[in-house]
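K.L.:
If you scroll down you'll find the structure; I have some questions about it.
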Amino acid sequence: MWLEILRNMISKKPAIKFPKSIQTSPDGIIEIFPPAEKMNRVFGKSLRIRQVDAGSCNACEWECTALTNPIYDIQRFGIDFVASPRHADVLLVTGPVSRQMELALKKTYLAMPEPKLVIACGDCAINGGVYKGSYATREGVSNVLPVDCRIHGCPPTPAIIVKGLLKLMESIVMVK
Numbered sequence: 001m002w003l004e005i006l007r008n009m010i011s012k013k014p015a016i017k018f019p020k021s022i023q024t025s026p027d028g029i030i031e032i033f034p035p036a037e038k039m040n041r042v043f044g045k046s047l048r049i050r051q052v053d054a055g056s057c058n059a060c061e062w063e064c065t066a067l068t069n070p071i072y073d074i075q076r077f078g079i080d081f082v083a084s085p086r087h088a089d090v091l092l093v094t095g096p097v098s099r100q101m102e103l104a105l106k107k108t109y110l111a112m113p114e115p116k117l118v119i120a121c122g123d124c125a126i127n128g129g130v131y132k133g134s135y136a137t138r139e140g141v142s143n144v145l146p147v148d149c150r151i152h153g154c155p156p157t158p159a160i161i162v163k164g165l166l167k168l169m170e171s172i173v174m175v176k
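Using the working numbering, the first residue of the sequence shown is number 1, and each one after it goes up by one.
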């Protein structure tokens, strides 16, 4: 595990290889799966996010916290974090989904209004990351919930997260 973390810190590239069949952005960091059938409700130009830490090391949370500082300021794009899943358009999940957080994550997802969009943020949320193979995890959000967007990185930088959120908003606008 420590060797993988060290390799990720030294490398500037994503920690995993992308399958050829998956559509990625030119930089190979963000994957969007446009959920056309989910877009029966108009979002307007805003996006409300409920963030859930599903057992991560907190590196992705630090990067998500930086999204609201004056440098990145995602609120200028109409994107904001909300405290309740009942007010959320998007569920942003970090961490490999520990067995103890699985039920809480499902309850949060069920409490969201339709259409429900899910973002797996960070390598741990996508495929288990450094926790892959652990008995205590579900090895990614896609093993628990349907994922609409994947943002790769360990941890992804705030700039990459902003780019992923904007691409998701762009795909929603295209579907309308």
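Cβ atoms here follow ideal geometry from the backbone N, Cα and C, with glycine treated the same way.
Mind checking Q51: buried by the 16 CB within 10 Å criterion, or exposed?
P.N.:
Sequence index remark: in the sequence shown, residue 51 carries index 51 (1-based). The residue is buried, with at least 16 neighbouring Cβ atoms inside 10 Å.
K.L.:
Can you tell me the Cβ-Cβ gap for V141 and E102, rounded? I've got them flagged as a contact below 8 Å.
P.N.:
The residue labelled residue 141 in the question sits at position 141 within the sequence shown. The residue labelled residue 102 in the question sits at position 102 within the sequence shown. Between E102 and V141 the Cβ distance is about 10 Å, and since that is not below 8 Å, they are no contact.
K.L.:
Based on DSSP bridge pairs, tell me the residues matched to C57.
P.N.:
Sequence index remark: in the sequence shown, residue 57 carries index 57 (1-based). Beta-bridge pairing links C57 to no other residue.
K.L.:
Within the stretch 89-119, note down every full beta strand (DSSP E) run reaching 3 residues or more, in order along the chain.
P.N.:
90-94
K.L.:
Note down the Cα distance separating C154 from P115, rounded to an integer number of angstroms.
P.N.:
By 1-based counting over the sequence shown, the position of residue 154 is 154. By 1-based counting over the sequence shown, the position of residue 115 is 115. When rounded, the separation of the alpha-carbon atoms in C154 and P115 is 28 Å.
K.L.:
Our contact map puts M112 next to L91 with C-beta atoms below 8 Å; I'd like the distance itself, whole angstroms only.
P.N.:
Residue numbering aside, residue 112 sits at position 112 when the sequence shown is read from its first letter. Residue numbering aside, residue 91 sits at position 91 when the sequence shown is read from its first letter. With 8 Å as the limit, M112 and L91 qualify as a contact, their Cβ atoms being about 6 Å apart.
K.L.:
Quick one: grab the DSSP three-state call for D80.
P.N.:
As a working note, residue 80 is residue 80 in the sequence shown. D80: strand per DSSP, three-state reduction.
K.L.:
Using only the alpha-carbon positions, how far apart do R76 and A59 sit?
P.N.:
Position 76 of the sequence shown, counted from the start, is the residue given in the question as residue 76. Position 59 of the sequence shown, counted from the start, is the residue given in the question as residue 59. The alpha-carbon atoms of R76 and A59 are separated by roughly 24 Å.
K.L.:
Any C-beta of chain C sitting closer than 9 Å to the C-beta of L117?
P.N.:
Although the question refers to chain C, the structure presented lacks it and comprises just one protein chain.
K.L.:
Hey, out of T65, C57, I49 and C64, whose CA is closest to A88's CA?
P.N.:
Working through the sequence shown from its first residue, we reach residue 88 at position 88. Comparing Cα-Cα distances from A88 to each of T65, C57, I49 and C64, the minimum goes to I49.
K.L.:
Which residues mark the beginning and the end of the alpha helix (DSSP H) in which I126 is found?
P.N.:
Within the sequence shown, the letter at position 126 stands for residue 126. It spans D123 to N127 - the alpha helix (DSSP H) in which I126 sits, taken as one unbroken run.
K.L.:
Could you tell me the distance, in whole angstroms, from the CA atom of G95 to the CA atom of I74?
P.N.:
Looking up residue 95 in the sequence shown gives position 95. Looking up residue 74 in the sequence shown gives position 74. The straight-line gap from Cα to Cα measures roughly 22 Å.
K.L.:
Exposed or buried, which one is G133 when buried takes at least 16 other CB atoms within 10 Å?
P.N.:
Along the sequence shown, one-based indexing puts residue 133 at 133. G133 counts as exposed, since fewer than 16 other C-beta atoms from the protein chains shown sit within 10 angstroms of its C-beta.
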